[in-house]
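Numbering (the working numbering), first residue to last: 3 to 158. To start, the structure itself, in structure tokens.
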Ligand code: HEM
């Protein structure tokens, strides 16, 4: 069960990245070509929002009750949280950066409902989605990262 939740959390990263990149390209092209805001734009932004919010819920569960959760793990004796790269990453850096990313995804999606011109919708959403992408890319435990690195696909 615990392992399955980590798998789902890990796989959702790819859906978020795919939909976030689609949202970025659609908002950029919409902004630059001054086209009208369409239901396909809203749908793409909505999927980005949904996948990132599901990942947030799974992440909150992991960070508190997961196999290395704050309530289920004791730090190795004599270690300080901020000096332990592994726990500092999974308890602090990863959650904070990802929560910020999800705030920006939510702000981006929120532009679809704002009573502003389509050009403003696209331009602001583009900025929010790019910021979200930067946070996500830097906070993913990519396999090449020392100590915290995880596989690209669960179980590999
Ligand atoms: C865009 C959002 C997020 C993405 C793309 C993401 C991505 C990932 C990935 C790829 C892993 C490695 C999974 C594996 O072992 O294969 C991971 C692990 C983890 N994530 Fe996230 N994450 C996100 C949000 C969050 C949030 C918001 C939290 C906490 C509030 C969180 C907490 C954790 C924890 C604690 C682990 C380690 C789980 C374990 O190994 O038991 N994540 N995340």
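Backbone N, C-alpha and C fix where the C-beta goes; we use that ideal spot for every residue, glycine too.
inquiry  = Considering only heavy atoms of the ligand SAH, does any lie closer than 6 Å to the CB of residue 110?
reply    = Looking at this structure, you won't find the ligand SAH anywhere; what it does contain is the ligand HEM.
request  = Return yes when the Cβ of residue 124 is within less than 7 Å of the Cβ of residue 32, no when it is not.
outcome  = yes
ask   = Going by beta carbon distance, what residues of the same chain come within less than 6 Å of residue 133, once the five residues before and after it are set aside?
value = 106
inquiry  = Cutting at 8 Å between CB atoms, please list the residues of its own chain near residue 78, excluding the five before and the five after it.
reply    = 86
task = Measure the C-alpha to C-alpha separation of residue 69 and residue 12 and round it to an integer number of angstroms.
result = 15 Å
ask   = What separation, rounded to the nearest whole angstrom, lies between the Cα atoms of residue 66 and residue 94?
value = 12 Å
inquiry  = My assumption, with CB atoms under 8 Å, is that residue 26 sits in contact with residue 91. Please give the rounded CB distance.
reply    = Their Cβ separation, rounded to whole angstroms, is 26 Å, which puts residue 26 and residue 91 out of contact at 8 Å.
key: Reference residue 143; option with closest CA among 89, 83, 76 and 38   = 89
Segment limits, alpha helix (DSSP H) that includes residue 82 = Here residue 82 belongs to no alpha helix (DSSP H), and DSSP marks it neither H nor E.
inquiry  = Can you check which of these residues, 36, 110 and 141, is closest to residue 21 by C-alpha distance?
reply    = 110
request  = On a CA-only basis, which of 62, 80, 46 and 120 is nearest residue 73? Give me that one, please.
outcome  = 62
query = What do you get for residue 54, buried or exposed, if any count of 16 or more other CB atoms within 10 angstroms of its CB means buried?
reply = buried
request  = Using beta-carbon positions only, say whether residue 100 and residue 127 come within less than 7 Å of one another.
outcome  = no
task = For my contact list, residue 28 and residue 46 are in at a C-beta cut-off of 8 Å; report their separation, rounded to the angstrom.
result = 6 Å
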